[in-house]
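Novice: Handing you a structure now.
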């Protein structure tokens, strides 16, 4: 499998990541990616980028021959699916990843978390739900997958979450549950490295292992399909 795109990558602007945009782009080129998304954490995350960082994303275009998409990893901040992306920033973005993060929303019950995720799917430019795999935020995966299909939003298979030593509890089993339902409902997924340092950009090793183990259909994986990549705003 040869991925063309990685849209979940952080830079030093996120405050707890360790590489620059250029370092990420150079790694993307080395790994054969055509498109790199910059998705630093939105304003509610402690220590993240300044408001002006997102307002100025328009200066980015192509680095090292790799097309740059302007994104953000938004925080879902209530159980109705509200995200912390002001209109002024929204206008500068190609896409939004919406995620549940402990510093920004408490661990709800299954009904609350599911409602939050589905609500976020309906927000403008939300094209990806980030790491929907953490047992600390239990989800009704059948409802999540059906809503993703209905709203044309991609569910992320997060390579970082699949690390057995990672901090997202139950992520591997939750990912398998999600994948089975995505195949059942013909809902698409997207691999995300969730890179916080350059050498993890485009690293989908664990994602590939799990989809191969489950014989998950390649045509439901956005990273390999040009039409889906075009939908995300990256003509390649």
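In the working numbering, the protein residues as written are 8 to 243. Glycine included, every Cβ here is placed at the ideal spot set by N, Cα and C.
Tell me, which residues are paired with residue 44 by DSSP?
Specialist: One-based indexing of the chain shown puts residue 44 at position 37. Per DSSP, 76.
Novice: Touch check for the region 31-42 and the region 91-108: three-plus C-beta pairs under 8 Å?
Specialist: no
Novice: Comparing alpha-carbon positions, which option in 183, 173, 174 and 171 lies nearest residue 163?
Specialist: Residue mapping note: residue 163 aligns to position 156 of the chain shown, counting from 1. Per the Cα distances, 183.
Novice: Could you give the uninterrupted runs of the beta strand (DSSP E) lying entirely in the region 136-178, keeping only those of 3 residues or more?
Specialist: 161-165
Novice: Between residue 188 and residue 152, which are expected to be in contact by the criterion C-beta below 8 Å, what is the C-beta distance as a whole number of angstroms?
Specialist: Stepping through the chain shown from its first residue, residue 188 is reached at position 181. Stepping through the chain shown from its first residue, residue 152 is reached at position 145. Taking a contact as a CB-CB distance under 8 Å, the pair residue 188 and residue 152 counts as one, their CB atoms being some 4 Å apart.
Novice: Would you kindly check if the distance between the Cβ of residue 108 and the Cβ of residue 82 is under 8 Å?
Specialist: The sequence position of residue 82 within the chain shown is 75, counting from 1. The sequence position of residue 108 within the chain shown is 101, counting from 1. Yes; because the gap between Cβ atoms is below 8 Å, this pair is in contact.
Novice: To the nearest angstrom, how far is it from the Cα of residue 213 to the Cα of residue 165?
Specialist: Taking the chain shown and counting its residues from 1, the one referred to as residue 213 is at position 206. Taking the chain shown and counting its residues from 1, the one referred to as residue 165 is at position 158. Roughly 9 Å between the two C-alpha positions.
Novice: Which of the three DSSP states is assigned to residue 30 in this structure?
Specialist: For this step, residue 30 is matched to residue 23 along the chain shown. Three-state result, residue 30: helix.
Novice: Inspect the beta-carbon positions of residue 16 and residue 46 and report whether they are closer than 8 Å.
Specialist: For the purposes of this step, residue 16 is identified with residue 9 of the chain shown, where counting begins at 1. For the purposes of this step, residue 46 is identified with residue 39 of the chain shown, where counting begins at 1. Yes. Within cutoff.
Novice: Can you tell me the Cα-Cα spacing of residue 199 and residue 13, whole angstroms?
Specialist: Taking the chain shown and counting its residues from 1, the one referred to as residue 199 is at position 192. Taking the chain shown and counting its residues from 1, the one referred to as residue 13 is at position 6. C-alpha separation (whole angstroms): 6 Å.
Novice: Is it buried or exposed for residue 233, if we count other Cβ within 10 angstroms and need 16 for buried?
Specialist: In the chain shown, the residue the question calls residue 233 occupies position 226. Answer is exposed; the Cβ neighbour count stays below 16.
Novice: Does the beta-carbon of residue 210 have 16 or more other beta-carbons within 10 angstroms, so that it is buried, or is it exposed?
Specialist: Position 203 of the chain shown, counted from the start, is the residue given in the question as residue 210. Under this definition residue 210 is a buried residue.
Novice: Could you have a look at residue 65 and say whether DSSP puts it in helix, strand or coil?
Specialist: Counting from 1 along the chain shown, the entry for residue 65 is found at position 58. Here residue 65 sits in helix by DSSP.
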